[in-house]
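Each remark here refers to the structure printed beneath this line.
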């Protein structure tokens, strides 16, 4: 049986998301150091440009607790990104979303796709 090329699968997922999705930003904000001269803390913002497809949840999966009516789902192409987690934010246009949960498609340790639950 032929071996599956998961790196090629990741490239295919990226190609389809680029074709049908749009630009998004994966953002991490790290606490900066205190500056005694100004009395402030400058946070460090790290942005990773990405491509994703945002969708609404089906009504039958919205339970009002884990998945709320306003939550959205983002299919995020994995190549070139760190693994998203709940400390990250997602920026789409002017909207900033919190990451509530992350599922990953990562066969044989090759990231292909992340599925994020987003909340404003």
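Residue numbers (our numbering): 36 to 155.
Even for Gly, the Cβ is constructed at its ideal location relative to N, Cα and C.
Just so it is clear, the structure is predicted and the values come from calculations on it, not from any experiment.
C-beta contact flag for residue i and residue j at 8 Å
i	j	result
residue 86	residue 49	yes
residue 135	residue 59	no
residue 79	residue 65	yes
residue 56	residue 96	no
residue 145	residue 42	yes
residue 109	residue 151	yes
Residue i versus the options, residue with shortest Cα-Cα distance
i	options	result
residue 122	71, 52, 73, 82	82
residue 130	155, 53, 91, 47	155
residue 138	99, 38, 149, 42	149
DSSP-derived helix/strand/coil call for residue i
i	result
residue 135	strand
residue 154	strand
residue 59	strand
Beta carbon proximity, residue i to chain D, threshold 8 Å
i	result
residue 142	The chain labelled as chain D is not found in the depicted structure, where only one protein chain is given.
Please list the segments of the beta strand (DSSP E) lying wholly inside the stretch 61 to 131, counting only runs of 3 or more residues, in order along the chain. 79 to 91, 107 to 112, 124 to 127
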